[in-house]
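Residue numbers (the numbering used here): 2 to 368. Where is the CB? At the ideal position from N, CA and C, for every residue including glycine. Scroll down for the structure; my scribbles are underneath it.
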């Protein structure tokens with residue numbers, strides 16, 4: 002019964018958007034259940050509103066084990082990741098990423114974009130958003146406030162181990178989720194790779210993105226209807242020139258501010274190499290701040306996915322989210338090489354950290 006409770010709560014929490022409510026007590030647990038997934042279980046008296054009804058599909062497809070959820074409750078606030086777009090997709094190997102759940106927190110490896118690559122072992126094709134959103138994760142260890150998981154790529158002989166440790170902030174009210182990554186080449190030849198975190202944080206109009214002050218421009222990877230320009234263009238930050246294809250009008254747009262879902266925005270940009278490894282997404286109306294911290298000497302770039310109803314283009318179900326994505330390269334495709342390109346020798350391992358802080362910087366906020 003205990004495991005069943007953890008699974009059901011996980012399924013419900015996955016589908017929360019930002020939601021204001023009454024004061025609550027919130028307890029974090031990371032559980033191990035009989036199907037070798039991890040579930041983050043939450044206890045307390047809190048109001049929430051599921052967006053869609055989900056059955057056992059989530060458990061069967063190991064979305065919990067893939068860290069497809071993180072939810073945090075504040076005194077007057079609940080924050081969660083982007084909701085599932087296509088809950089009924091049957092078999093992750095049978096669908097593309099934009100036909101799958103397209104939600105939560107994925108690890109894009111060994112490439113973000115679909116690409117074809119010639120390796121020492123021959124040609125390979127890498128799926129959109131990489132391999133790991135399609136595969137189950139093995140639980141290696143778990144405690145009251147931590148878990149260690151492992152998954153293997155199928156396009157290239159790479160194995161990713163990720164440890165998660167949850168603890169209270171020492172600097173004030175809030176929580177810190179520490180992620181420790183270890184990537185190993187299990188093959189007999191040199192293997193290239195590109196990694197990007199892919200946490201999709203649900204947004205409301207007025208939410209605010211903040212980057213380190215040295216960031217004055219971003220490199221464009223892609224923009225819906227070429228609103229911001231073409232791939233490779235330098236885009237000023239935070240104020241950018243936005244061309245509306247419907248009216249052919251040109252205006253100045255503050256990229257820091259989240260817009261409504263009907264704006265149809267879908268932009269991917271990169272910052273870096275970074276001098277300071279952090280980025281925040283905040284909701285000033287309730288005093289919540291999410292901060293991602295990373296080591297720029299190991300993961301020197303930050304991908305920024307800004308989507309307010311602009312993707313997927315072929316579906317009525319749209320993402321409304323911001324993704325702050327520490328990464329190893331300023332491009333999505335592993336086939337696109339440069340000074341940022343990485344590879345591992347046989348048996349070699351690359352380690353790096355990442356932290357997610359959830360805080361309430363205002364005097365009135367309590368977590």
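Collapsed DSSP secondary structure at residue 38 in the structure displayed: Any answer about residue 38 is weak, because its pLDDT of 31 lies below 50 and its placement is not dependable; what the coordinates show is given next. Coil, per DSSP.
Runs of beta strand (DSSP E) lying entirely within the region 184 to 271, each at least 3 residues, in chain order: The beta strand (DSSP E) runs of length 3 or more contained entirely in the region 184 to 271 are, from start to end of the chain, 192 to 194, 197 to 203, 209 to 211, 218 to 224, 235 to 237, 240 to 245, 250 to 255.
Pairwise C-alpha distance: residue 179 and residue 234: 34 angstroms
Burial state of residue 237 (16 or more Cβ within 10 Å): exposed
Simplified DSSP state of residue 114, which is helix, strand or coil: coil
Counted within 10 angstroms of its Cβ, other Cβ atoms place residue 195 as buried (16 or more) or exposed: buried
Cβ-Cβ distance between residue 186 and residue 303 below 8 angstroms: No, the pair does not count as a contact, with Cβ atoms beyond the cut-off.
Euclidean distance between Cα positions of residue 174 and residue 361: 6 angstroms
Same chain, Cβ closer than 6 angstroms to residue 284, five either side skipped, listed in chain order: 208
Contacting residues, own chain, Cβ-Cβ under 6 angstroms from residue 267 (five flanking each side not counted): 225, 308, 311, 312
Residue 119 vs residue 154 beta-carbon contact at 8 angstroms: no
Alpha carbon of residue 353 to alpha carbon of residue 294, nearest angstrom: 12 angstroms
Beta-carbon proximity of residue 201 to residue 280, cut-off 8 angstroms: no
Pair within 8 angstroms by beta-carbon distance, residue 198 and residue 328: Cβ distance < 8 angstroms, so residue 198 and residue 328 count as in contact.
Proximity winner among 359, 276, 357, 348, relative to residue 188 (alpha-carbon distances): Check the Cα spacing between residue 188 and each of 359, 276, 357, 348: the tightest is with 348.
Of the residues 289, 127, 255, 216, the one placed nearest residue 176, counting alpha carbons only: 289
Element boundaries [beta strand (DSSP E), containing residue 328]: 321 to 328
Burial state of residue 107 (16 or more Cβ within 10 Å): buried
Integer Cβ distance of residue 231 from residue 159, believed to fall under 8 angstroms: Not a contact, Cβ separation roughly 32 angstroms.
Buried/exposed call for residue 276, threshold 16 Cβ in 10 Å: With fewer than 16 other Cβ atoms within 10 Å, it is exposed.
Distance, residue 271 Cα to residue 240 Cα: 15 angstroms
Other residues of its chain near residue 213: CB distance less than 6 angstroms, five sequence neighbours each side excluded: 277
Residue range of the beta strand (DSSP E) that includes residue 108: 106 to 109
CB of residue 150 within 8 angstroms of CB of residue 163, strictly: yes
Reference residue 355, options 204, 165, 192, closest by Cα: 165
Rounded Cβ spacing between residue 146 and residue 167 (contact assumed at less than 8 angstroms): 5 angstroms
Helix, strand or coil at residue 335 according to DSSP, with G and I counted as helix: Of the three classes helix, strand and coil, the one that applies to residue 335 here is coil, per DSSP.
Residue 295 (DSSP reduced to helix, strand or coil): strand
Minimum C-alpha distance to residue 182 - residue among 299, 112, 252: 299
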